[in-house]
Amino acid sequence: DVKVTQSSRYLVKRTGEKVFLECVQDMDHENMFWYRQDPGLGLRLIYFSYDVKMKEKGDIPEGYSVSREKKERFSLILESASTNQTSMYLCASSLFLGGAGREQYFGPGTRLTVT
Amino acid sequence: DQQVKQNSPSLSVQEGRISILNCDYTNSMFDYFLWYKKYPAEGPTFLISISSIKDKNEDGRFTVFLNKSAKHLSLHIVPSQPGDSAVYFCAAIVGGGADGLTFGKGTHLIIQP
Chain A
1 DVKVTQSSRY LVKRTGEKVF LECVQDMDHE NMFWYRQDPG LGLRLIYFSY DVKMKEKGDI
61 PEGYSVSREK KERFSLILES ASTNQTSMYL CASSLFLGGA GREQYFGPGT RLTVT
Chain B
1001 DQQVKQNSPS LSVQEGRISI LNCDYTNSMF DYFLWYKKYP AEGPTFLISI SSIKDKNEDG
1061 RFTVFLNKSA KHLSLHIVPS QPGDSAVYFC AAIVGGGADG LTFGKGTHLI IQP
């Protein structure tokens, strides 16, 4: 079974702090993704990575950056947290981007509150 | 501009009956569709997928139907069980997946005893 883990289930940070969210997958997947989920808006893609050190912007990258130094690890960074970044953050991984095997497997999520 | 739409925010179904969740899409470039189930405070769990070259895919109690001409897909759960109560997300992806998954806003399925 694919396992995607996230470093924290709950985080509370202050406005202006730098925040790191870590994600690790154990299935040697090429692709990793960061989403946020907000009520009434569904899941929205922030960034994804298709290889080590490679990244692509998703639909809502503003205020975020990412880092992928190792294949199994993908980090989301909030450079200066703001209250509108209070959300549930979900990490996912997939084997392929095309053809079969595009299913994305999600971690349990990190509920971030910025005060 | 929502490319994947789930127009029913919630659906209530009696235990043992069929649950039908609907999803419409606008982007004709989507070629792979997925359904996810999500419990509160957990990440989405992949349920079932279908390629655009098929019109039906079945896995146990779950069947997904795709009508490409209508740009519509549906998830059927038969029979519905109490553990099926969750939020269901429809998602779609373009071949190559350079944009990741595009999700609908979800339908909250409630199974009544």
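Protein chains in written order, with the numbering used here: chain A, 1 to 115; chain B, 1001 to 1113. Built from N, CA and C at the ideal position, the CB exists for glycine as well. Since we're looking at a predicted model, the values are computed, not measured.
Pairwise C-beta distances place the region 1062 to 1082 of chain B in contact with the region 1014 to 1024 of chain B, as three or more of them are shorter than 8 Å. Taking a contact as a CB-CB distance under 8 Å, the pair His1076(B) and Asn1022(B) does not count as one, their CB atoms being some 10 Å apart. Ranked by how close their Cα comes to the Cα of Leu1034(B), the residues Pro1040(B), Glu1058(B), Asp1024(B), Phe1089(B) have Phe1089(B) in first place. If you keep only unbroken beta strand (DSSP E) runs of at least 3 residues inside the region 57 to 88 of chain A, you get 64 to 70, 73 to 78. DSSP lists Phe1033(B), Thr1102(B) as the beta-bridge partner residues of Ala1092(B). For Ser1051(B), the enclosing beta strand (DSSP E) covers residues 1045 to 1051. Around the beta carbon of Ile1053(B), fewer than 16 other beta carbons sit within 10 angstroms, so the residue counts as exposed. The Cβ atoms of Leu112(A) and Leu11(A) sit closer than 7 Å to each other. Around Leu90(A), the beta-carbon contacts reaching into chain B at under 9 Å are Gly1043, Pro1044. The shortest C-alpha to C-alpha distance from Ser1028(B) to any of Ile1111(B), Gly1106(B), Thr1102(B) is the one to Thr1102(B). Comparing alpha carbon positions, the residue from Asp26(A), Glu30(A), Ile46(A), Lys3(A) closest to Ser87(A) is Ile46(A). Check the Cα spacing between Val24(A) and each of Arg73(A), Ala92(A), Thr110(A): the tightest is with Arg73(A).
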